[in-house]
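One structure is given below, encoded as structure tokens.
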Amino acid sequence: MITDNAAARLLKILEEGKALNPNTNAKTAWMRLFNLKEDDINYESILMSKLGQVMLLPHETITLISQYYPTQAPALRHTLMQIQTAFVSQNLKETWNSFIQHIDTHCISTLSMTTALLDNSLETKLINSDELDSFKSTIRELIDDTIKSDLTPEFKKFMTHYLRKILNAINDYLISGAMPILDAVESTLGHAVLDPKFKDELLDNETGLKIRSMLGDLANVVTIATAATGAAAYIASNGFPLLG
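Residues 4 to 247, numbered by my numbering, are exactly what the sequence shown covers, in order.
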């Protein structure tokens with residue numbers, strides 16, 4: 004099963020959390036880490052959903068370590084239990100310190116070592132946040148361009164759907180990893196290959212060409228991040244011959 008490094012993503016979240024003022028409200032701190040705003044629709048429900056997913060990262064980490072480095076798993080359990088304690092001890096109505104006080108330097112050091120071990124075995128790497136921000140900006144522009152274009156209503160409907168699916172997967176990257184991004188890219192490519200009209204509009208329109216370029220760049224980044232094979236990896240290496 005292809006996967007990316009849950010320990011690396013958990014470490015990144017905790018390191019960003021350590022940089023926040025411990026006197027900040029805990030709910031506000033998590034919203035900042037998840038890039039949520041109070042004017043977002045159902046922001047509290049989204050916050051709790053994302054928080055639940057983050058709480059699963061220690062479990063994913065110990066599962067991977069038990070698979071690749073079983074003799075190291077016992078040494079990691081104390082740190083992961085400490086992180087779990089942080090989650091269950093926090094109070095979202097109190098200060099961020101109710102969570103982050105449990106994440107000490109030993110915890111960060113152990114997770115850093117675990118990340119390095121899993122990176123070596125999984126042959127994966129964490130996607131740079133600046134790179135992800137660039138893709139998010141590009142995709143938002145492409146959604147606007149697609150809506151304003153003279154493309155067919157059917158193409159606009161499908162492409163905005165797929166672009167938003169990719170954007171949502173990128174927004175949740177540190178929580179869910181690169182696989183949902185990979186799945187979203189491959190779904191888009193699959194529809195383009197199977198639907199002649201969809202394929203033609205990707206080939207014969209300026210907006211379609213921009214979308215192709217973005218998909219190729221993103222496929223390259225995600226393929227490296229997940230050590231993936233399959234459609235996205237093929238596109239990353241060979242371009243879009245199937246669309247030609």
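Note that the Cβ used here is the ideal one computed from N, Cα and C, for glycine as well.
Remember, predicted model here, so these are calculated numbers, not experimental data.
In this structure, isoleucine 178 lies near lysine 53, with their beta-carbon atoms less than 8 Å apart. Pairing alanine 89 with isoleucine 65 gives a Cβ-Cβ distance that is not under 8 Å.
Bridge partners of asparagine 28 according to DSSP: Thr98. Counting of Cβ neighbours within 10 angstroms places glutamate 126 among the exposed residues, the total staying below 16. Counting C-beta pairs with one atom in each stretch, the stretch 111 to 130 and the stretch 157 to 166 have fewer than three that are closer than 8 Å, which means they do not touch. The distance from the Cβ of lysine 139 to that of alanine 228 is about 16 Å, inconsistent with a contact at the 8 Å cut-off. A straight-line Cα-Cα distance of about 36 Å links aspartate 42 and threonine 82.
Our two residues, asparagine 208 and threonine 141, have alpha carbons roughly 17 Å apart in a direct line. Counting along the chain, the unbroken alpha helix (DSSP H) around histidine 109 starts and ends at 108 to 125. The three-state secondary structure of leucine 59, taken from DSSP, is coil.
The alpha-carbon separation between isoleucine 16 and tyrosine 46 amounts to approximately 19 Å.
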